[in-house]
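Reviewing the structure listed below.
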Amino acid sequence: MHIVHTEADGGKGGQPLRIINESLGMLQRGHTVTILCPEEAPLNTLAREAGLTVVNLPLRRKNLSNLLQLRRWLVSHDVDVVNSHNSADTWLVALAALTLKNPPPLVRTRHASGKPRNNRTTRWLFAKACAHVVTTGEALRHQLVEIGVPLDHSTSVPSGVDTARFKPGDKQAARAHCGLSQHDFWLGVVSHLRPNKGHSVLLKALAAIDKPQIKLAIVGEGPHRATLEQEILTLGLQDRVVMAGHRSDPQAWFPAFDIALSPSHDMEGVPQGVLQSLASRIATIATDAGGTGDAVIDGKTGLLVAQQDAVALKNAILTLWQDEALRERLAQQGYDYLNSHFTRECMLRDMERVFTRAVEQAGR
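Just so you know, the UniProt record's numbering puts 338 at position 338 of the sequence shown, and the rest follows in order with no gaps.
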């Protein structure tokens, strides 16, 4: 198959990484992959660095000029299926398809958990223009049902984690590599620094725990960094929090943690940081944001708490701090569940099935 991904601009978070990871996997499976995106999109640089074929088209706005440029590209290339990732590019592909004699089927991947608009045009886009809709969590599928899209018109395919990269490691060696003290109890969060990722709530929870040996490593970079640094000073946590910044080796950090956390209240499917911590066999605490509950089953594969609740987060941390056997049990069960449901191979298998079905139903 020739699979074409379109993206208007998904920023620097998990969306472009999902597109790249999936594209590389499809190439390994013998397919041809092309990515269409604006030149200024972060995906453009990241995908080119990964060695993928990228064509720059203006897809950020729904206008006639952009529609015609996309249509010309589709007409001049043999495309089996288009996988769109943002609203603007989905509309452009859908409208272009109306003008083509034999258009490629359109599969829309929804990465965010914000509820789509409940109107006739949105229902047409998802239920009619799209051959199928992929979400990154089960909760996102049911949002589509609420606006009139049949449940069987969508499939949840979370972004699978690379278990050859994220895997259990030696805690002592990992702490030495990361520069973390050996004998403290380390909490860790790995994510982009944005307000809706919940770092501020986690800092409040840590400040309420009067145990200086419980410390926190924040791995990641983003626009919220200066705010977090000020909050650390205000809460008197400067001796208990490490701001590690962006790291090209996040897989080396997870084994250093006693507990990994995802305090997000973001609009997303299953966060990559959650899957990476499970793959690293680390006890995980997460909020019930978006599709997180698909992977973190409370009391079985981790602990799940309410969003933006510092008290609940504090209590969960203390529960695991006090109970090493529980930490080890949740870590092992989370690891086992991850390897049977959320690996990169699971994602590639399920996406290949979606694409194949869409192509067959289109009679291509």
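Positions of the beta carbon are idealized from the N, C-alpha and C atoms, including for glycine.
query, result
"Spatial distance of GLU231 from ILE218 (CA atoms)", "13 Å"
"Beta-carbon contacts of ASN66 that lie in its chain and below 7 Å, excluding the five residues immediately before and after", "PRO58, LEU59, LEU92"
"Helix, strand or coil at TRP186 [DSSP, three-state]", "strand"
"Check: ARG327 C-beta below 7 Å from any heavy atom of the ligand SAM", "Absence of the ligand SAM is noted for the structure shown, with no ligands found whatsoever."
"Minimum length 3: unbroken beta strand (DSSP E) runs contained in the region 20–79", "32–37, 53–56"
"For THR163, the three-state DSSP class (helix, strand or coil)", "coil"
"Spatially closest choice to ARG353 from LYS12, ARG29, ARG18, ALA8, by CA coordinates", "ARG29"
"Between the CA atoms of ARG110 and THR135 - distance to the nearest angstrom", "5 Å"
"For VAL157 and MET26, believed in contact at Cβ under 8 Å, the rounded distance", "That belief does not hold up - the Cβ atoms of MET26 and VAL157 are roughly 13 Å apart, past 8 Å."
"Where THR284 falls, given that 16 or more other Cβ within 10 Å makes a residue buried", "buried"
"C-alpha gap between VAL133 and VAL241, whole angstroms", "41 Å"
"SER84 (DSSP reduced to helix, strand or coil)", "strand"
"Given 8 Å, three or more beta-carbon pairs between the region 254–265 and the region 177–189", "yes"
"For ALA208, three-class secondary structure by DSSP", "coil"
"Meets three-Cβ-pair contact criterion under 8 Å: the region 170–185 and the region 140–151", "no"
"Sub-8 Å separation of ALA289 and LEU278 beta-carbons", "no"
"LEU17 versus LEU304 - alpha carbon distance", "25 Å"
"Whole runs of the beta strand (DSSP E) within the UniProt domain \"Glycosyl transferase family 1\" (179–335), excluding any shorter than 3 residues", "185–190, 214–219, 241–245, 259–262, 283–287, 303–305"
"C-alpha distance - ASP80 paired with VAL359, whole-angstrom precision", "7 Å"
"Three-state class that DSSP yields for ARG357 in the structure shown", "helix"
"Nearest candidate by alpha-carbon position, reference LEU235, set SER76, LEU202, THR45", "LEU202"
"C-alpha distance - ALA252 paired with ARG165, whole-angstrom precision", "9 Å"
"Short Cβ contact (8 Å threshold) for ARG196 with ASP266", "Here the sequence assigns Asn to residue 196, which means Arg is not the residue at that position. In this structure, ASP266 lies closer than 8 Å to ASN196 by Cβ."
"For THR343, the first and last residue of its enclosing alpha helix (DSSP H)", "No alpha helix (DSSP H) holds THR343; DSSP gives it neither H nor E."
"C-alpha distance - ARG117 paired with ALA131, whole-angstrom precision", "19 Å"
"Burial state of ALA226, where buried means 16 or more other Cβ atoms lie within 10 Å", "exposed"
"N- and C-terminal bounds of the alpha helix (DSSP H) containing LEU100", "From DSSP, LEU100 is part of no alpha helix (DSSP H); its letter is neither H nor E."
"THR45 to ASP170 span [Cα, whole Å]", "34 Å"
"Bounding residues of the beta strand (DSSP E) (the contiguous stretch that carries VAL149)", "VAL149 -> no beta strand (DSSP E), and no H or E assigned at all."
"C-beta contact flag for LEU193 and LEU228 at 8 Å", "yes"
"Contact under 8 Å by Cβ, ALA129 with LEU106", "yes"
"GLU328 versus ILE282 - alpha carbon distance", "8 Å"
"According to DSSP, residues forming a beta bridge with ARG108", "SER84, VAL133"
"CB of GLY273 within 8 Å of CB of SER262, strictly", "yes"
"Reduced DSSP category for VAL93 - H, G, I as helix; E, B as strand; rest coil", "helix"
"Distance between GLU7 and PRO38 (C-alpha atoms, nearest Å)", "8 Å"
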